[in-house]
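**Student:**
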Amino acid sequence: MNPVNYLYLAALLFTIGATGVLVRRNAIVVFMCIELMLNACNLAFVAFSRMHGNLDGQIIAFFTMVVAAAEVVVGLAIIVSLFRTRHSASVDDASLMKL
Amino acid sequence: MSATAVHSLWTTAADPISKIDAPKIEYGQLSPTLIVIGAALVGVLIEAFVPRRFRYYTQVFVSFVALAAAFAAVVALAADGYGTTRARIAAMGAIAVDGPALFLQGTILLGALAALFTFAERRLDPAAHGNRVDSFAAQAASVPGSDSEKAAVRAGFTTTEVFPLLLFAVGGMLVFPSANDLLTLFVALEVFSLPLYLLCALARRKRLMSQEAAVKYFLLGAFASAFTLFGIALLYGYAGSVSYGTIAQVVDGTVTDIDPALANTMGNDALLLIGAAMLVMGLLFKVAAVPFHMWTPDVYQGAPTPVTGFMAAATKVAAFGALLRVLYVVLPGMRWDWRPVMWAVAIVTMLGGAIVAITQTDIKRLLAYSSIAHAGFILAGVIATTPSGVSSVLFYLAAYSFVTIGAFAVVTLVRDAGGEATHLSKWAGLGRRSPLVAAVFAVFLLAFAGIPLTSGFAGKFAVFKAAAEGGAVPLVVIGVISSAVAAFFYIRVIVLMFFSEPRPEGPTVAVPSPLTMAAIGIGVAVTLVLGVAPQYFLDLASQAGVFVR
Amino acid sequence: MENLIALLIAAPLLGAAVLLVGGRRLDAVGHWIGTLLAAASFVVGLVLFAGLLGRGTEDRTLTQHLFSWIPVAGFQADVTFRLDQLSMTFVLLITGVGSLIHLYSVGYMEHDERRRRFFGYLNLFLAAMLLLVLADNYLLLYVGWEGVGLASYLLIGFWQHKPSAATAAKKAFLVNRVGDMGLSIAIMLMFTTFGTFAFGPVLGHVGDTSEGRLTAIGLMLLLAACGKSAQVPLQSWLGDAMEGPTPVSALIHAATMVTAGVYLIVRSGALFNAAPDAQLAVTVVGAVTLLFGAIVGCAKDDIKKALAGSTMSQIGYMVLAAGLGPVGYVFAIMHLVTHGFFKAGLFLGAGSVMHAMNDEVDMRKYGGLRKYMPVTFVTFGLGYLAIIGFPGLSGFFSKDKIIEAAFAKGGTEGWILGGAALLGAAITAFYMTRVMLMTFFGEERWRNRPTPSPAEPSVEPAAEERGEHAEPHPHESPKVMTIPMIVLAVGSVFGGAFFSLGDRFLHWLEPVTGHQEGHPPVSAWTVTAATLVCLVLGAGLAWAQYGRRPVPAVAPRGSLLTRAARRDLLQDDFNHVVLVRGGEHLTRTLVYLDHSLVDGVVNGTAASVGGLSGRLRRLQNGFARSYAVSMFGGAAVLVAATLLMRAV
Amino acid sequence: MSFPLLTATAALPAVGAIATAAVPAARRTAAKWLALLFSLATLALAVTVAIRFDPGGARYQLTESHAWIKDFGVRYELGVDGIAVALIALTAVLIPFIVLAGWHDADPLETGNRRWRPTQGFFALILAVEAMVILSFEATDVFLFYIFFEAMLIPMYFLIGGFGDRAHAHGEETASTQRSYAAVKFLLYNLVGGLIMLAAVIGLYVVAGNFSLQEIAQARADGSLHMATGTERWLFLGFFFAFAVKAPLWPLHTWLPNAMGEATAPVAVLITAVVDKVGTFAMLRFCLQLFPGASKWATPVILVLALISILYGALLAVGQRDIKRLVAYASISHFGFIIMGIFAMTSQGQSGATLYMVNHGISTAALMLVAGFLISRRGSRLIADYGGVQKVAPVLAGTFLIGGLATLSLPGLAPFVSEFLVLVGTFTRHPAIGVVATFGIVLAALYTLVLYQRTMTGPVKPEVAAMPDLRVREVAVVAPLIVLLVFLGVYPKPVADIVNPAVQQTLSDVHKKDPRPEVEAAK
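Residue numbers (the UniProt record's numbering), protein chains in the order written: chain A, 1 to 99; chain B, 1 to 549; chain C, 1 to 648; chain D, 1 to 523.
1) Run through the DSSP bridge pairs and tell me what C:Asn137 is partnered with.
2) With three or more C-beta pairs closer than 8 Å as the rule, is the segment 410-429 of chain C touching the segment 473-483 of chain C?
3) Between which two residues does the alpha helix (DSSP H) harbouring B:Ala96 extend?
4) Would you please verify whether the beta carbon of A:Met32 is less than 8 Å from any beta carbon of chain C?
5) In angstroms with no decimal places, state the Cα-to-Cα distance between C:Ser268 and C:Asn176.
6) By a C-beta neighbour count over all protein chains shown, 10 Å radius and 16 as the cutoff for buried, is C:Ala628 buried or exposed?
7) Please confirm whether C:Asp594 has its beta-carbon closer than 8 Å to some beta-carbon of chain D.
8) Helix, strand or coil for C:His475, going by three-state DSSP, please let me know.
9) In the DSSP assignment, find the unbroken beta strand (DSSP E) run with C:Phe75 in it and report its ends.
10) Tell me whether C:Ala529 is buried or exposed, calling it buried when 16 or more other Cβ atoms sit within 10 Å of its Cβ.
11) For the alpha helix (DSSP H) containing D:Glu232, list its first residue and its last residue.
12) Quick check on DSSP: helix, strand or coil for D:Asn258?
13) Check A:Ala18 in the structure and name its three-state DSSP category.
14) Is there a Cβ from chain B that is less than 8 Å from the Cβ of A:Arg84?
15) Leaving out five residues on either side along the sequence, give the residues of the same chain with a beta carbon under 7 Å from the beta carbon of B:Val42.
16) How long is the line joining the alpha carbons of C:Gly467 and C:Trp446, rounded to whole angstroms?
17) Look at the Cβ atom of C:Ile387, then the Cβ atom of C:Phe342, and state whether they are nearer than 8 Å.
18) With distances taken between CB atoms, is the gap from C:Ala127 to C:Pro12 smaller than 8 Å?
19) So C:Val629 contacts chain A; which residues on that side make the cut at Cβ distance below 8 Å?
20) With B:Gln543 as the anchor, note down where its alpha helix (DSSP H) starts and where it stops.
21) Residue range of the alpha helix (DSSP H) that C:Gly410 falls in?
22) Name, in chain order, the residues that DSSP records as bridge partners for C:Glu243.
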């Protein structure tokens with residue numbers, strides 16, 4: 001099967017993730033959508049690595065996972081503290097600062 | 001690709017370990033980064049083992065020493081000519097050690113030092129229960145207004161973690177502009193972003209806004225970095241490598257040793273264009289260029305002011321450094337594709353920032369928008385794509401970062417019962433109550449406005465000159481117009497401070513410790529020196545204006 | 001001897017400086033200092049006159065170069081004085097009459113606490129007037145020209161506390177400025193034409209340029225003359241100028257300053273000779289004014305205003321003569337001098353009368369004063385005879401010559417101008433007789449009437465302080481006032497005869513102005529006879545109206561013409577409606593526009609930017625997801641644009 | 001390397017500013033005397049400059065040149081020609097009087113606040129402005145000039161906004177808002193002008209590669225530096241716009257009445273008599289020398305604008321109710337004359353314009369300062385609030401009248417000389433414009449005399465009945481100015497001799513010759 005299809009899939013996943021970020025309210029879900037985008041990137045890396053026949057892409061994928069993990073740590077910490085103060089994880093509720 | 005080829009791939013990968021030769025790391029040339037990161041780790045250990053009452057002092061001491069040492073290292077490297085003749089690519093092609101890198105690292109480190117002083121300031125807030133407090137939450141985990149928070153305050157807790165976080169961020173920023181492959185770039189990006197997200201959440205007062213700022217910054221930042229990463233992926237797909245040099249060669253079509261395996265798969269321009277665009281977009285987000293700027297005002301307003309100052313200065317420097325390197329080293333071959341786009345971005349950024357700033361009522365948001373406008377001015381220099389363009393941007397960044405830190409440091413001084421009095425109406429008549437502070441702030445505002453004899457003017461002139469020489473005259477004209485618009489709101493603040501009657505319930509100006517004084521002092525000094533006698537620093541910048549490939 | 005010329009000006013200038021800067025400590029002696037310096041200047045004048053007489057008729061032109069004033073490339077203005085027969089004549093007139101009037105003022109202003117300042121201004125006037133007539137180039141003349149304007153402004157408005165006086169002063173200065181505009185344009189034209197504006201070169205080269213240019217210059221000079229000499233259409237200020245103290249009216253607004261226009265035209269004679277059209281314009285202005293002034297003079301009940309009208313009319317004669325070219329120049333100047341005598345005398349007389357009548361100026365409240373103030377009566381009477389041209393008196397000679405010259409113009413023009421001059425003579429006789437009768441004859445209308453009526457404020461503060469609101473008791477003025485009147489009366493009796501017997505004056509002036517005999521279509525005697533007839537008619541008419549019948553204390557409504565004449569033939573009303581009202585509207589509109597339009601555009605731009613800012617600001621709605629949308633959109637645009645760039 | 005006289009002349013007031021600012025709050029009087037001392041010392045140096053300057057000598061004299069910002073092609077280059085000498089002298093002469101006249105204008109209302117030192121600030125700012133103005137007259141490097149041209153806005157801005165007229169028609173609250181409005185308006189107008197000029201300055205650098213006035217002018221002259229017509233015109237417009245705002249030229253004038261109206265009289269004098277001159281001076285030195293072609297191209301339009309300024313300013317002056325605004329509009333009219341003279345491109349016009357700058361400075365100073373004394377007595381700027389002052393304060397009225405007569409350029413006083421030269425100079429090349437401009441002299445008489453009549457003459461108003469006459473300090477301010485007016489009116493030759501050569505050179509820069517008179521023989 002042509003690895004290019006994986007690229008299309010990756011692009012699809014990325015778009016789905018982005019759309020999720022735009023449409024979903026719950027901070028956790030938004031965050032998951034971002035993770036989805038990152039993983040779409042991973043897929044793309046691996047696919048390219050497969051096409052080019054070198055390993056850089058696969059190694060980068062590992063880096064990405066680590067970074068994603070770090071992001072989860074930080075992100076969850078922030079989101080949780082927000083949730084505890086406001087008893088809601090809705091992104092839209094956090095709109096004190098505007099204009 | 002045939003199965004045998006895939007199999008060969010497996011086998012090659014399964015070759016004995018002995019064949020992989022150990023990477024060669026030039027520790028000396030990486031020393032600034034290593035020092036800072038190392039100190040950060042030490043800071044973590046301190047948090048773990050040093051008794052609470054000593055932590056503050058140890059942390060401040062360690063951070064200070066680390067930053068100073070790192071700066072010394074940068075100076076030493078530059079003195080050894082790594083900035084010019086001996087510029088090279090270190091760490092197996094991951095890090096570039098050249099003029100721009102060193103210049104920006106130096107700027108970041110000095111800025112970080114000034115920022116460190118504002119971080120460590122503990123005289124501004126009235127002491128809570130006999131414990132001197134800084135601008136950071138007693139206990140970030142405790143819910144605002146909850147008993148646990150009260151308890152933490154009573155116990156005199158302070159979040160001394162901010163110092164290692166600061167150092168981590170600085171470490172990332174040091175790598176960011178000197179990264180020489182996209183992976184390093186991405187990692188550095190995350191390394192300095194994540195600590196900033198956290199720092200934003202740590203304000204002692206107005207914690208709701210602080211947390212909100214953190215969430216917004218985090219979500220949008222992650223969103224942006226996802227784009228960056230996808231862009232990187234596409235570029236990798238295009239060139240079959242993430243190393244700047246190789247990509248540049250592929251773009252120019254001057255690949256020397258071409259791997260036959262790659263020959264047929266790479267060089268797809270669609271990948272290049274889309275990838276480049278998404279990568280650049282990620283960087284534009286960090287420099288807060290319109291339309292990727294919208295996080296800026298909220299985050300700047302919500303974050304603890306010392307953090308805001310640090311972000312506004314250092315992040316911009318690092319991000320512009322990376323942007324320069326990407327555009328000048330990776331994508332010069334497709335200059336004709338990105339220049340017009342950047343033109344548009346620069347124009348909307350200059351005008352947008354300046355125009356929206358007019359109607360701001362909060363000093364921190366005002367400065368946020370002004371920083372957006374300035375991003376636009378700097379972009380004008382970036383677009384020049386000439387050596388003078390690079391050096392002018394470097395100079396501007398240096399000038400701008402110190403003005404910014406100084407300005408935000410002054411903001412921390414003007415306080416009332418609710419903490420910092422950031423609403424403009426409260427600044428009325430400040431000039432009457434404490435002329436000195438008002439005068440200093442006026443100096444910073446005039447520098448922002450680009451009045452002659454301040455660093456702001458020299459920087460603006462350098463950038464516009466470079467742009468004009470690069471043939472971007474319309475850009476210069478628009479830049480001039482928008483700086484006229486911008487002048488209006490800087491002047492507004494001055495009018496407020498000096499010519500309006502002071503309010504009876506107006507804020508008081510806290511007398512800071514030598515730390516903040518030092519930060520402000522550095523700001524004023526640099527502003528005036530770069531304004532009156534910029535030649536030396538211009539020389540420095542122009543010497544540092546060449547990227548290594 | 002040239003070096004004395006500067007002294008002429010220096011003396012009064014010094015006086016002005018000392019008196020104005022000196023301050024109150026000079027109040028006691030100030031008036032004597034002023035008079036002394038004026039006299040000194042007169043003496044110097046006499047010395048120079050003697051010197052001139054000592055020379056041959058052809059080299060009676062002295063010049064004194066003081067210093068280079070404005071040297072800029074081709075533009076070289078020097079401070080150089082030129083004393084020739086023409087300017088000599090003026091010098092003597094100015095300093096002579098001037099000194100007398102200084103003397104008179106000592107008495108007249110006795111009760112004014114600002115007398116020192118008054119004499120300072122008088123000296124200033126003398127200096128400026130002398131500069132005017134002694135200047136060797138038009139620019140320096142211009143300095144004197146505006147200098148006398150300033151002096152007249154200061155003196156008309158001397159009683160500044162009276163709004164009417166202040167307004168009159170302002171009006172005089174403004175109208176004069178209009179004239180000055182003409183003079184400065186004339187100078188510019190000269191500079192562009194001749195590259196200089198010194199008398200010698202300009203008048204020497206009139207032949208080298210086109211008549212058109214000369215006409216233009218001539219008309220501009222005429223405009224200047226109209227302003228200074230109160231000729232139609234710029235005459236309106238002279239009547240109001242009577243707000244000033246009477247000695248001022250005598251010196252400035254009768255004898256000297258107002259005649260500067262005539263001097264200017266005669267001085268530029270060579271130029272006018274080469275520009276017939278300009279000359280015609282001059283004569284027309286002269287003719288119109290002499291009638292205009294005369295008619296106005298008939299209708300005024302205010303003695304000074306009546307005399308002012310007469311002044312206007314007499315200067316009309318001079319201008320007319322000057323417009324006639326070489327035929328008339330000499331007579332213009334001669335009439336100017338004689339007029340200087342008798343008109344000054346008349347004004348001083350009027351002043352003396354007012355002095356006696358608690359500063360009442362309304363002739364309808366005079367009457368029968370001859371037995372109370374004989375000296376004034378006699379001197380005034382002689383002046384009266386002189387001005388109406390009673391045979392043998394100075395007016396007779398000078399005016400008669402002018403009328404002849406007017407006829408001598410020849411053709412219809414000649415008849416028209418001559419006719420006008422004749423008619424003028426008749427009217428002159430009428431109004432002067434009227435003045436005479438109303439003032440010194442008839443019943444004593446000032447009896448049992450408190451004057452001045454509280455309605456109109458008194459002319460002089462002195463009067464108020466003396467608090468004389470009771471019935472006036474006329475008395476002769478002190479010696480210091482009567483002596484000058486007597487001297488002037490003598491001048492006005494014998495001056496004309498002395499000048500014209502043996503054509504003394506003609507020979508004196510001819511080298512400067514040139515002269516050619518005029519040949520009227522009818523014999524000179526006929527003209528003289530006609531003049532006398534007119535005289536008798538005019539005087540008789542006046543006698544019929546004011547001598548036989550008692551003069552009504554309140555002015556009757558009078559005919560349309562009378563009423564118009566009382567209002568200066570509606571000239572002021574015209575000015576008011578057109579210039580003042582129009583000007584006010586214009587400025588008001590402009591002030592409004594400046595704020596709403598010029599300023600409004602800028603403020604509008606600022607406001608619109610502000611509004612835009614307000615709208616853009618709403619995009620920052622605080623929702624992280626909308627921020628993400630903008631980022632996403634931005635990214636999309638970025639990508640699309642980049643691809644597009646490659647596509648094109 | 002001889003003694004850097006020009007630098008010293010500019011540095012002295014700068015030092016003075018710092019010294020004055022450093023005086024402690026309590027020692028207010030000391031600060032005043034210090035400021036006066038420094039301004040007088042500066043005057044001495046300026047006089048030395050005038051003496052050392054040799055009219056027959058090189059175009060730029062007393063030159064200094066040091067490297068400054070290599071990367072921007074900027075050198076610290078000073079040098080004066082006759083025009084600059086005249087204007088430096090004017091500045092140095094006026095500042096002491098301004099200081100003396102403003103003696104009490106900045107006394108703090110509330111004493112007690114130890115930190116707030118308005119008096120020190122006031123005089124320090126005045127000296128700072130002097131330093132910058134002098135430097136911008138001396139600079140022969142475009143960038144150097146630009147820096148001070150812009151920088152002087154800041155102290156001016158604080159002078160206008162910070163030390164408003166104590167006497168205002170509408171009560172304290174609105175007064176302070178009006179004041180800051182005026183200050184902001186002043187700053188923004190000039191800043192916008194300056195920024196547009198900045199674009200042109202950068203453009204000039206791109207074209208010429210350096211900023212040295214002499215080098216560029218030289219290169220323009222010998223053709224080694226060619227500018228495309230379009231480029232030259234754009235650059236010219238960029239420069240001229242800034243100068244026209246500063247000058248100010250209609251329709252960019254509206255900031256001046258606000259600024260002069262709200263500022264204290266001495267500051268108003270500082271604006272119109274000193275700072276604004278930099279604009280007209282710069283037209284003469286930079287616009288004409290750097291862009292001769294474009295200057296000639298723009299001349300017709302500029303002349304018309306100048307003409308409009310003359311009549312428009314005069315007419316609006318007639319319509320004013322506020323004494324100081326009236327003087328401001330009068331100044332607009334006068335600046336119209338100056339600009340007209342400059343662009344008449346004749347030696348009379350330009351020499352006249354230069355003399356005009358000097359004379360207008362002195363005459364406006366005289367009129368405005370006396371007006372200030374008057375206003376400070378009655379506490380109102382409205383003409384309607386006065387009347388009959390002449391009777392109670394004759395000296396004040398007298399000096400006021402002389403100032404007014406100078407403003408309407410009466411012969412014998414200095415302004416007449418310059419105004420007539422400008423008119424003649426314009427007339428020789430553009431007769432129609434010259435003639436129309438002549439109407440200005442009638443309007444000038446109108447607004448001056450109306451002002452004098454309304455305020456000084458007529459029955460004494462009860463409010464002014466007790467008004468004291470000029471004090472010694474005030475006489476010391478006005479008398480010398482009047483003496484100067486008379487002297488320069490009677491004997492302007494010394495100044496003219498200094499100015500003429502410079503004007504001739506400027507004319508040769510734009511390749512213009514005076515039109516010959518029709519009849520040569522007359523000379």
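Note that the Cβ used here is the ideal one computed from N, Cα and C, for glycine as well.
Computed from a predicted model, the values in this text were never measured in an experiment.
**Tutor:** Answer, in terms of the structure:
1) C:Ala198
2) no
3) Unbroken run through B:Ala96 is the beta strand (DSSP E), Ile95 to Val97; no alpha helix (DSSP H).
4) no
5) 19 Å
6) buried
7) yes
8) coil
9) Phe75 to Leu83
10) exposed
11) Thr229 to Lys246
12) helix
13) helix
14) yes
15) Val62
16) Residue placement at C:Gly467 is poorly supported in this model, since its pLDDT is 43, which falls under 50; the coordinates still yield a value, given next. Answer to the nearest angstrom: the Cα atoms are 17 Å apart.
17) yes
18) yes
19) Leu22
20) Gln535 to Gln543
21) Careful: C:Gly410 lies outside any alpha helix (DSSP H) and carries neither H nor E.
22) According to DSSP, which records beta bridges pairwise, C:Glu243 is partnered with nothing at all.
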